[in-house]
Structures are given as structure tokens and as C-alpha cells.
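What follows is a short report on a single structure.
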Amino acid sequence: MATKLFKGAEYLITEVQKDEVFTPEDFSDEQKQIGETTEQFVINEVFPHREEIEHQNFPLVVELMKKCGDLGLLMIDAPEEYGGLELDKATSMLAAEKLSQAGSFSVTYSAHTGIGTLPLVYYGTAEQKEKYLGRIISGEWIAAYCLTEPGSGSDALAAAATATLSEDGKHYILNGTKQFITNGGFANLFTIFAKIDKQHFTGFLVERTTEGLSIGAEEKKMGVKGSSTTQVILENAKVPVENLLGEIGKGHKIAFNVLNVGRFKLGAGATGACKAALTTGIKYANERKAFGVTIGSFGAIKEKIADMAAATFASESVVYRLAGMIDDRLATLPKGTPDYYEAYQQGIEEYSVECAIAKVFCSEVLADVVDDVLQIHGGYGFTQEYPAEGYYRDERINRIWEGTNEINRLLIPGIILKRAMKGEIPLQKEAMKAFESLMSPSFEELDESVPFAAEKALLANLKQAFLVLAGMGVQKFMDSIKDEQEILMAVADVAINIFAIESAILRGEKILPTLSDTRSSFVNSAVKLFTFNACEKTASAARKAAFYIEEGDNLTMLLAGIRRFTKYDASGLLQAKRQLAGVCIEADRYIF
16 MATKLFKGAE YLITEVQKDE VFTPEDFSDE QKQIGETTEQ FVINEVFPHR EEIEHQNFPL
76 VVELMKKCGD LGLLMIDAPE EYGGLELDKA TSMLAAEKLS QAGSFSVTYS AHTGIGTLPL
136 VYYGTAEQKE KYLGRIISGE WIAAYCLTEP GSGSDALAAA ATATLSEDGK HYILNGTKQF
196 ITNGGFANLF TIFAKIDKQH FTGFLVERTT EGLSIGAEEK KMGVKGSSTT QVILENAKVP
256 VENLLGEIGK GHKIAFNVLN VGRFKLGAGA TGACKAALTT GIKYANERKA FGVTIGSFGA
316 IKEKIADMAA ATFASESVVY RLAGMIDDRL ATLPKGTPDY YEAYQQGIEE YSVECAIAKV
376 FCSEVLADVV DDVLQIHGGY GFTQEYPAEG YYRDERINRI WEGTNEINRL LIPGIILKRA
436 MKGEIPLQKE AMKAFESLMS PSFEELDESV PFAAEKALLA NLKQAFLVLA GMGVQKFMDS
496 IKDEQEILMA VADVAINIFA IESAILRGEK ILPTLSDTRS SFVNSAVKLF TFNACEKTAS
556 AARKAAFYIE EGDNLTMLLA GIRRFTKYDA SGLLQAKRQL AGVCIEADRY IF
């Protein structure tokens, strides 16, 4: 457990210490065993049937889900009193990461264990949990989540589905159509959102056999073809009143709080997919020959491998740092109290900014990785004979579901500014300090004896850049800043990269004392590479925001400050790339 509990988004105004973060190297033997069990399940049970799954052999998929249930992989997040394991989020994310190698099957698993199961766990009554949870965590029943509609995606609260209380008061009559429902083709229990009397957005637990519920045809998708995606059609569907989930008119709390975990879990899955794709790319680079030598010996290929390995290291660091933050906060909650799950949800909601960051950052790292892996394969990467093509197609959906990356980018500064206005984060005070530092440069010299001194100095400056940009944006636009989406998205990129750079640095600093000199040099290389690449992106986003916000002398001053705040001495960058690529190529895999 960390020595300090952090508030959500507090990383932007605080210097975090290495002992205050959780890393993958901190896994217990029990967690490692669960990870190993999950990985062996994928290798032994899913991989031999990949082609059948891709051709939508859904009875096989359901059977594999039951095997997941037998192994306990569906009950990680479920309470012990209903037969669950009630393990921590780090373990839950590790299982999601390992399952991600299973391609389309991992989508079935993640939807079931995440947005399919958690609404019932967090908001269900004792009677509802008694009735349904045992079936769901055993794999006897499959769960699905129905929020999106043909006319409402990102704007979920604009849903048109309705619920009307029957005359005898025993049922709600649901009407409407839900779109893009994962597991729709074979799910037994749906969490469906509809507006009671066209006004009160509310959740319902709806069984597949409910009169008036029907399932649409499978969507013809670009990727994850082996997962089921259908419409769920409600035509006077009769749902017992006791199946109302949570409170009337409070469905938005269920929808959005469960999505926080969904975003977080997507980040874990994307990280696992990065590792699998990168290892595939490395193996191909070691096999394919051109001009008489393996292509992995070429600098152009080595550079790709090094950049992918460094970004994957950062992605992994982000996911498990966040897992540790959430676990530390949840560990303070006394179990068994009547409002336990309300406090539990608030504990997760505290980190809604970081959940959105994990979703955006990890999905975009994966996008870059699969693109480079396909490129390493050349023409063969464009054929279905090689796995690179599948990685490429399957990746694309990650930037759309669980809230598009654009929506999540808008959420990040939006939530931060709301919390600042409520006084939960002293953003205004810190922004004033940052503005003063903009006007008066620091001439402190780096202490080279401190690990990652240059990276830490950059990190502190990037936080100043964020505060200056956010402060100047609010000062100019006041309340209407919420409508300046281009500015918010650029500022979000600064916040995202700060969290990712810091996560990679802190993980590196924490594990260095446990490593040999040789192994330490690999970590140093990964941190340097990632910091350089992320700094370049951050500088670009910050400059863009500056041009959006200011003009004239203020703009000139702001751009000069950004140049100073984004200065990073990455001396030895090429050697670091060659070293990291070389060790991955020699190991024939991602090495961390």
C-alpha cells in the first residue's frame, strides 16, 4: 500500500515520489499466479479455436466463458458473500491484460466482467444479486450493457428508450432500440437504460426471455469479428418492477461510474495487446531476411521496435499506477456498511480523470504499435495469413467505445476545472505561481546523481506549462471555456502526457535499485525514449493551445515560456534506441 492517498488530478500540482506508486514489479505471488492461469487459459483453450471464434461460433464462445467461470476469472470483482473473489483492481487489470491476447474473445470477457457485471455489483439490491450474480460469475449466464442507441452515442443522456409503469404497477413497459450491444447475440441478462415517463433516466435488469425483447442481426464489423454486436429491440417489453436497478432518475450515475472502470480496463487490455503485437513484430523481424540479413538488423526497424517497447513500458506503468491509486483508496473503506458500494463508487469516481487518461493514452499507444508491427511485416502484414492484419483491424474500435477519445479528452480538463471551481484542487493558486515562473526563469542546475534528473526537471516544467495554459484559458474565456473544445483537447494532451511521463519515470526510479547494471540500462533507455517522444507531442499540443488562447505580446511571451518548459536534453537518444531494440531483438520479445 502506498504511503499517501492522492486526490484525482492532484498529480498536476504535486511532486509524486517513487514509493507512492504501484508498478507491475510489485505483484504478489498470488497475483502472478492469477496472471499465469489466465495466460495459460488463453494459450491452451482460446488460441486453438481462434479461427472458429472469428467466424462467430458463439456456442464455443459461451462454452469458453463457462471455462473462465470454472477458473474463477469471472468473479474477480464480485463480492465474497455472493461467491465472488473480491480481489483488488490490480489483479482485475492483470487478468484483463492477459486476456487481451485472445482477440475477439477478450471483448466478450471484458464486456461481461466489466460493464455487464459491475452495475449489478455496485447498484443491485440484495435480492437482485442473490438472483443473478451467482449465474453471471460462474459463466452460466452472460451479461451485456445497453446504453448506446441509433440516435445517441456519446450523448448517452439523449436516449429515446422509454419505460412506463403498467396500470397494475407490477411491470415497467420498455420501448426503444439499443445499438452496438456487445454480447447481444447470446447474453442472458441485460443492463438497459430507459427514461421513465420520457424523463427520468433509469437502469433496469432485463432477462433475455422477457416478453417484448428481441435481438437484431449481428453487425458486419471491420474488426473484433468474433465478438457479438447486435441491436437489442424493446417492443412493450415487460420488466418486473423489482428489476429496476438503483434509483429512479439516477441511471446516469450507474452509466458513467461503470464506464470509469470500463475505460480503465480498456487501458489494461490495450497494454496487453501492445505486448502481444510487439512480440509478434519482433519475432517477424528476426525471421524475415532482406539483402542477405534479418530485417531486425536494420536501423529503420530497430527504431520502430525501440519506440514501441518504450511506449508499451509507459502504457503498463500508467495502468498499474492507476490500479494502485484506486486500490489504496478502496482499502480505506470499511466493508459491510450499508453505503459501502456508494462510497466504493465515489472512490473510483475520484480518479475519473486518470481513468480517461488511461483509456486515451493506452488505446493510442496500441494504435501506433499495431501500425508499426504491420509495417514491419511489409506486404505480408496486409494479408490475413499473418496476425499483424488482425491486430490492425481489431485495434481501431478501442478509440471509439467506452466514450470516444475525443469525449474523454474533453472530460479530462472539464473535470479538473470543475473540481478547481469547487475548491477541491487549488488550481488557481498553483496557476498564479506557474505564471510567475513563466516570467522569471529558474537557473537551478541538475543534480546528476539523482536518477532521471533531466526527466524530473522536464516533468516539473510540463506541469507548469499545463497550469499556465489552463489558467490563461480560464482567464480569457471564463465559464465559456467549456465550449472551447479545441483548446480543451490540446490542454488534455498536455495533462495526459504528463501523467504518462511521470508514471514511466516513477516506475523506473522505483525498480532501478532491484536491477543489475545491465538491466538498469534498459530501463534508463526506455524512460529516455518515451520521455523524448512524449515531450515532443506535449510541446506541440502546448504550442497549439497557446495559439488558440492568446495573441500579440501575450502569445509571444507564452510561446517563449513553452519553449523553456518543454526543453529536454535527450543526449544519447540514438544509443538508447539501439540498445533497447537490440535487447528486445535478442530476447525475441518485449522484455519488461
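Position in the sequence shown counted from 1, then plus 15, gives you our numbering. We put the CB at the ideal spot given by N, CA and C, even for glycine.
Does the Cβ of Ile58 have 16 or more other Cβ atoms within 10 Å, making it buried, or fewer, making it exposed?
-> By one-based count along the sequence shown, residue 58 stands at place 43. Burial call: exposed.
In chain order, what residues of the same chain lie with their CB nearer than 6 Å to the CB of Val61, ignoring the 5 residues before and after it?
-> Counted from its first residue, the sequence shown places residue 61 at position 46. The beta carbon of Val61 is closer than 6 Å to those of Ala117 and Phe120 in its chain, skipping five residues each way along the sequence.
Where does Lys210 sit, in a helix, a strand or coil, going by DSSP?
-> The count along the sequence shown starts at 1 and reaches residue 210 at position 195. Lys210: strand per DSSP, three-state reduction.
Any idea which residues DSSP pairs Phe205 with across the strands?
-> In the sequence shown, counting from the first residue as 1, residue 205 sits at position 190. Beta-bridge pairing links Phe205 to Ala159 and Val221.
Endpoints, the beta strand (DSSP E) within which Ala382 is located = The residue labelled residue 382 in the question sits at position 367 within the sequence shown. No beta strand (DSSP E) holds Ala382; the alpha helix (DSSP H) holding it covers Ser367 to His392.
Contiguous alpha helix (DSSP H) assignments of at least 4 residues, all confined to the region 403-456 = 420-436 and 442-454
Meets three-Cβ-pair contact criterion under 8 Å: the region 242-258 and the region 272-287 = no
Ser495 versus Gly261 - alpha carbon distance | Along the sequence shown, read from residue 1 onward, the residue named residue 495 stands at position 480. Along the sequence shown, read from residue 1 onward, the residue named residue 261 stands at position 246. Computed Cα separation, rounded: 34 Å.
Other residues of its chain near Glu369: CB distance less than 6 Å, five sequence neighbours each side excluded = In the sequence shown, the residue the question calls residue 369 occupies position 354. Result list for Glu369: Leu337, in chain order.
What residue does the alpha helix (DSSP H) around Leu337 start on, and which one ends it?
-> Taking the first residue of the sequence shown as 1, we reach residue 337 at position 322. Segment Gly314 to Leu345, the alpha helix (DSSP H) holding Leu337.
Ala475 by DSSP, collapsed to three states: which one?
-> For the purposes of this step, residue 475 is identified with residue 460 of the sequence shown, where counting begins at 1. Here Ala475 sits in helix by DSSP.
Quick one: is Leu172 buried, meaning 16 or more other Cβ sit within 10 Å of its Cβ, or exposed?
-> Locating residue 172 in the sequence shown gives position 157, where the first residue counts as 1. Under a 10 Å Cβ-count criterion, Leu172 is classified as exposed, with fewer than 16 other Cβ atoms of the shown protein chains found around its own Cβ.
My guess is that Val276 and Leu180 are in contact by the Cβ rule of under 8 Å, so how many angstroms apart are they, rounded?
-> For the purposes of this step, residue 276 is identified with residue 261 of the sequence shown, where counting begins at 1. For the purposes of this step, residue 180 is identified with residue 165 of the sequence shown, where counting begins at 1. With a Cβ gap of about 31 Å, Val276 and Leu180 do not count as contacting.
Roughly how many angstroms separate the alpha carbons of Leu405 and Lys19, rounded to a whole number?
-> In the sequence shown, the residue the question calls residue 405 occupies position 390. In the sequence shown, the residue the question calls residue 19 occupies position 4. Note that residue 405 corresponds to Gly in the displayed sequence, not to Leu. Approximately 42 Å between the Cα atoms of the pair.
Under 8 Å between C-beta atoms of Arg579 and Pro456 | Against the sequence shown, residue 579 aligns to sequence position 564. Against the sequence shown, residue 456 aligns to sequence position 441. Cβ distance < 8 Å, so Arg579 and Pro456 count as in contact.
How would you write the range of the beta strand (DSSP E) that Gln246 sits in, first residue to last?
-> The sequence position of residue 246 within the sequence shown is 231, counting from 1. Its beta strand (DSSP E) spans residues Thr244 to Pro255.
Nearest-angstrom beta carbon gap, Ala178 and Ile211 [assumed within contact, 8 Å] = Along the sequence shown, read from residue 1 onward, the residue named residue 211 stands at position 196. Along the sequence shown, read from residue 1 onward, the residue named residue 178 stands at position 163. Sure, about 5 Å apart at Cβ, within 8 Å.
Does the beta-carbon of Gly166 have 16 or more other beta-carbons within 10 angstroms, so that it is buried, or is it exposed?
-> In the sequence shown, the residue the question calls residue 166 occupies position 151. Under this definition Gly166 is an exposed residue.
Beta-carbon contacts of Ala202 that lie in its chain and below 7 Å, excluding the five residues immediately before and after = By 1-based counting over the sequence shown, the position of residue 202 is 187. Closer than 7 Å at the Cβ level, and outside the excluded window around Ala202, lie Ile157, Ala158, Ala159 and Arg223.
So the beta strand (DSSP E) Ser229 belongs to, where does it begin and stop?
-> Walking along the sequence shown from the start, residue 229 turns up at place 214. Counting along the chain, the beta strand (DSSP E) containing Ser229 begins and ends at Leu228 to Ile230.
Please check the pair Ala591 and Leu544, which I expect to be a contact at CB under 8 Å, by giving their CB distance rounded to whole angstroms.
-> Residue mapping note: residue 591 aligns to position 576 of the sequence shown, counting from 1. Residue mapping note: residue 544 aligns to position 529 of the sequence shown, counting from 1. The Cβ separation is near 6 Å, so the contact holds.
Grab the span of the beta strand (DSSP E) containing Leu180 for me, first residue to last.
-> The residue you call residue 180 lines up with position 165 of the sequence shown. Counting along the chain, the beta strand (DSSP E) containing Leu180 begins and ends at Thr177 to Leu180.
What are the boundary residues of the alpha helix (DSSP H) that Thr581 is part of?
-> As a working mapping, residue 581 is identified with position 566 in the sequence shown. Counting along the chain, Thr581 falls outside any alpha helix (DSSP H), and DSSP gives it neither H nor E.
Opposite Ala93 in the DSSP bridges: which residues?
-> Residue numbering aside, residue 93 sits at position 78 when the sequence shown is read from its first letter. In DSSP, Ala93 forms no bridge with anything.
Ser115: buried (16+ other C-beta within 10 angstroms of its C-beta) or exposed?
-> Working through the sequence shown from its first residue, we reach residue 115 at position 100. Buried, by the Cβ-count rule.
Considering only the beta carbon of each residue, do Ala485 and Ala549 sit closer than 8 Å?
-> The residue given as residue 485 occupies position 470 in the sequence shown. The residue given as residue 549 occupies position 534 in the sequence shown. Not in contact: Ala485 and Ala549 (Cβ atoms no closer than 8 Å).
Integer Cβ distance of Leu109 from Gly50, believed to fall under 8 Å = Along the sequence shown, one-based indexing puts residue 109 at 94. Along the sequence shown, one-based indexing puts residue 50 at 35. Contact holds; Cβ gap of about 5 Å.
Look up Asn190 in the DSSP assignment and give the residues it is bridged to.
-> What you label residue 190 is simply residue 175 of the sequence shown in a count that begins at 1. According to DSSP, Asn190 bridges with Thr177.
On a CA-only basis, which of Leu477, Ser555, Glu69 and Ile28 is nearest Lys235? Give me that one, please.
-> Taking the first residue of the sequence shown as 1, we reach residue 235 at position 220. Here the closest residue by C-alpha is Glu69.
Indicate whether the contact test is met: 3 or more Cβ pairs, each with one atom in the region 350-368 and one in the region 129-145, closer than 8 Å.
-> yes
Go ahead and pull the three-state DSSP assignment for Thr197.
-> Walking along the sequence shown from the start, residue 197 turns up at place 182. Thr197: strand per DSSP, three-state reduction.
For His392 and Ser125, the rounded distance between their alpha carbons = Along the sequence shown, one-based indexing puts residue 125 at 110. Along the sequence shown, one-based indexing puts residue 392 at 377. The alpha-carbon atoms of Ser125 and His392 are separated by roughly 29 Å.
Just grab the DSSP bridge partners of Thr309 for me.
-> Here residue 309 is taken as the residue at index 294 of the sequence shown, counted from 1. Thr309 pairs with Lys304.
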